[in-house]
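At position 89 of the sequence shown the residue is numbered 196 (the working numbering), and the sequence of numbers has no breaks. Note that CB positions come from ideal geometry on N, CA and C, so glycine has one too. All figures in this text were calculated on a predicted structure; none of them were measured in a lab. Following: one structure in structure tokens, then a few remarks.
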Amino acid sequence: MDGQLLAFTEVAAGMVAMPGADFTVVVRNALVSRRAGLACALGIAGGLLLHTALAVAGVAAVLAALPALFRTLQLLGGAYVLYLGARTLLELRGPRATASGEEPPATRPLRQGFVTNALNPKAPITFLSLLPQFVPAGAPALPRTLLLALIVVVLALLWFPAVALLVDRLGRWLRAPRAARVVGGVTGAALTALGAGLLLEAAMQAG
108 MDGQLLAFTE VAAGMVAMPG ADFTVVVRNA LVSRRAGLAC ALGIAGGLLL
158 HTALAVAGVA AVLAALPALF RTLQLLGGAY VLYLGARTLL ELRGPRATAS
208 GEEPPATRPL RQGFVTNALN PKAPITFLSL LPQFVPAGAP ALPRTLLLAL
258 IVVVLALLWF PAVALLVDRL GRWLRAPRAA RVVGGVTGAA LTALGAGLLL
308 EAAMQAG
């Protein structure tokens, strides 16, 4: 592995592992079951695959050139994350915490992971600005960019399922009624804060 490729892998690993909406929504689903957590993790990897494909195709440049479109996606993404957070908090008012509730169909956490990541408008802009920095001068851009995009997706396929499996392994303690309500409250509050932050940022940019 050449030096640039190694440097990109380190940077991309930090980006993928950075706590945020993706991490929180995986934890939320992994508390329901291992299958739900893994499905959500695969959904997030699918969202990253979409973003990297857009960056490779150059479509992400449109987002950078059209602030109104960027803010629209930001509003949609913020609203969706806020919805997930509010739903998590509301479920805590029931007789059982979310983590101990019935397992949802596998398509639901898969969709939640994909939509949460896909509606993040900052991701394609980040990839669009990051990928070209690791293409050596004079090298064919497309094959190298595709390789970099593949690295990002592989890292996501390693990290998020690992998070889901770890949460599931700790599930004996985390799914205890009192602990489940605490963890559900924390994850719900985190998602709500993240969603509200995205909406506030979009509103400030619009003003």
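Where residue i falls: helix, strand or coil (DSSP)
i, result
"Met125", "coil"
"Gly208", "Its pLDDT being 49, under 50, Gly208 is placed unreliably in this model, and the value from its coordinates should be taken loosely. In the structure shown, Gly208 sits in coil (DSSP, three-state: anything other than H, G, I, E or B)."
"Leu138", "coil"
"Pro268", "helix"
"Gly165", "coil"
"Val261", "helix"
"Asp275", "helix"
"Val222", "helix"
"Ala300", "helix"
"Leu381", "With the chain covering only 108 through 314, there is no way to say anything about residue 381."
"Ala246", "coil"
"Pro202", "In this prediction, Pro202 has a pLDDT of 49, which is less than 50 and means its spatial position is unreliable; what the coordinates show is noted afterwards. In this structure, Pro202 counts as coil in the three-state DSSP scheme."
"Pro174", "helix"
"Pro216", "helix"
"Pro228", "coil"
Which listed residue (the options) has its alpha carbon closest to that of residue i
i, options, result
"Pro212", "Glu117, Phe130, Asp109 and Val139", "Val139"
"Val261", "Ala152, Thr131, Gly127 and Arg276", "Ala152"
"Leu157", "Asn227, Gly302 and Ala297", "Asn227"
"Thr233", "Val118, Leu112, Gln111 and Leu113", "Val118"
"Leu112", "Trp266, Leu237 and Arg178", "Leu237"
"Val132", "Tyr190, Phe115 and Pro174", "Tyr190"
"Trp266", "Pro174, Pro126 and Phe115", "Pro126"
"Ala269", "Ala114, Gly144 and Pro239", "Gly144"
"Ala309", "Leu149, Phe115, Leu255 and Ala175", "Ala175"
Buried or exposed by the 16-neighbour rule on C-beta atoms within 10 Å, applied to residue i
i, result
"Gln181", "buried"
"Asp109", "exposed"
"Gly165", "exposed"
"Gly121", "exposed"
"Val159", "A quick correction: the sequence has Thr, not Val, at residue 159. Buried is the call here."
"Arg200", "exposed"
"Arg276", "exposed"
"Arg135", "buried"
"Leu305", "buried"
"Ala128", "buried"
"Leu149", "buried"
"Leu173", "exposed"
Same chain, Cβ closer than 7 Å to residue i, five either side skipped, listed in chain order
i, result
"Pro202", "Low local confidence applies: a pLDDT of 49 at Pro202 is under 50, so the model's placement there is unreliable, with the coordinate-based value given in what follows. For Pro202, where only same-chain residues beyond five positions count, there are no Cβ hits under 7 Å."
"Ala263", "Val123, Ile151, Ala152 and Leu155"
"Leu307", "none"
"Ala225", "Gly154 and Leu157"
"Ala91", "Here the chain covers residues 108 to 314 and nothing more, so residue 91 does not appear."
"Ala103", "Given a span of 108 to 314 for the chain in the structure shown, any question on residue 103 remains unanswerable."
"Met184", "Contrary to the premise, residue 184 reads as Gly rather than Met in this sequence. For Gly184, where only same-chain residues beyond five positions count, the Cβ hits under 7 Å are Leu226, Asn227, Pro228 and Leu305."
Own chain residues within Cβ distance below 6 Å of residue i, not counting five before or after
i, result
"Leu196", "Gly295"
"Arg141", "Asp275"
Beta-carbon proximity list for residue i, same chain, < 8 Å, skipping 5 on both sides
i, result
"Pro251", "The question names Pro, but residue 251 is Arg in the sequence shown. Same-chain partners within the cutoff: Phe241, Val242 and Pro243."
"Tyr187", "Val222, Thr223, Leu226 and Gly302"
"Ala114", "Phe241"
Cβ of residue i within 8 Å of any chain C Cβ
i, result
"Leu272", "Reference to chain C is not applicable here, since this structure consists of a single protein chain."
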